[in-house]
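So the mapping is simple: the working numbering equals the position in the sequence shown, first residue as 1, plus 441.
By construction, the Cβ of each residue, glycine as well, lies at the ideal position given by its N, Cα and C atoms.
Nothing here was measured: the structure is a model prediction, and the numbers come from that model.
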Amino acid sequence: MIIASISFREGKLEESDSRSSMELEDIKKTLAYAFLYDFTVNVYTDREEYKFLSIMSIKYNDKGNLFFSGVYLHNNLRVRKNFSWREIRNVNVNIEKDPERSIY
């Protein structure tokens, strides 16, 4: 059960608003927070929404651009998806009452 949905805004952790766009630095901090504490995230692009995504890896290139991959459930199948910083509009962290629901 989700008890909160949070993300970084201007460097501060606060309740998330998935309708707004995020700055790259806030996306990086939000993903790092979720990865560190093993929370799932919701990723919003201009075309799709990816819910309850478990972060597998986070990478930066030599220019500091963000790339990450994760696994989410789609029609009861585990699907791995790679993301580029260019396609991400918003990311929020799912703070769950029962975090043991991980799909790993």
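Next on the checklist: Looking at Ile447: is its Cβ nearer than 8 Å to the Cβ of Leu454?
Outcome noted: Ile447 places its beta carbon less than 8 Å from that of Leu454.
Next on the checklist: Quick check: Val534 and Phe480, are their CB atoms within less than 8 Å of each other?
Outcome noted: yes
Checklist entry - Which same chain residues, not among the five before or five after Gly546, have their C-beta less than 8 Å away from its C-beta? => result Residue coverage of the chain in this structure runs from 442 to 545, which leaves residue 546 outside it and unanswerable.
Next on the checklist: I believe Met463 touches Asn531 by the beta-carbon criterion, under 8 Å. Please report the beta-carbon distance rounded to the nearest angstrom.
Outcome noted: Contact between Met463 and Asn531 holds, with the beta-carbon distance rounding to 5 Å and staying under 8 Å.
Item to check | First and last residue of the uninterrupted beta strand (DSSP E) at Glu466 | outcome: No beta strand (DSSP E) holds Glu466; the alpha helix (DSSP H) holding it covers 465-478.
Next on the checklist: Using 8 Å as the threshold, is the C-beta distance between Leu472 and Phe509 below it?
Outcome noted: yes
Checklist entry - Less than 8 Å separating the beta-carbons of Lys522 and Tyr491? => result Here Lys522 is near Tyr491, since their CB atoms are less than 8 Å apart.
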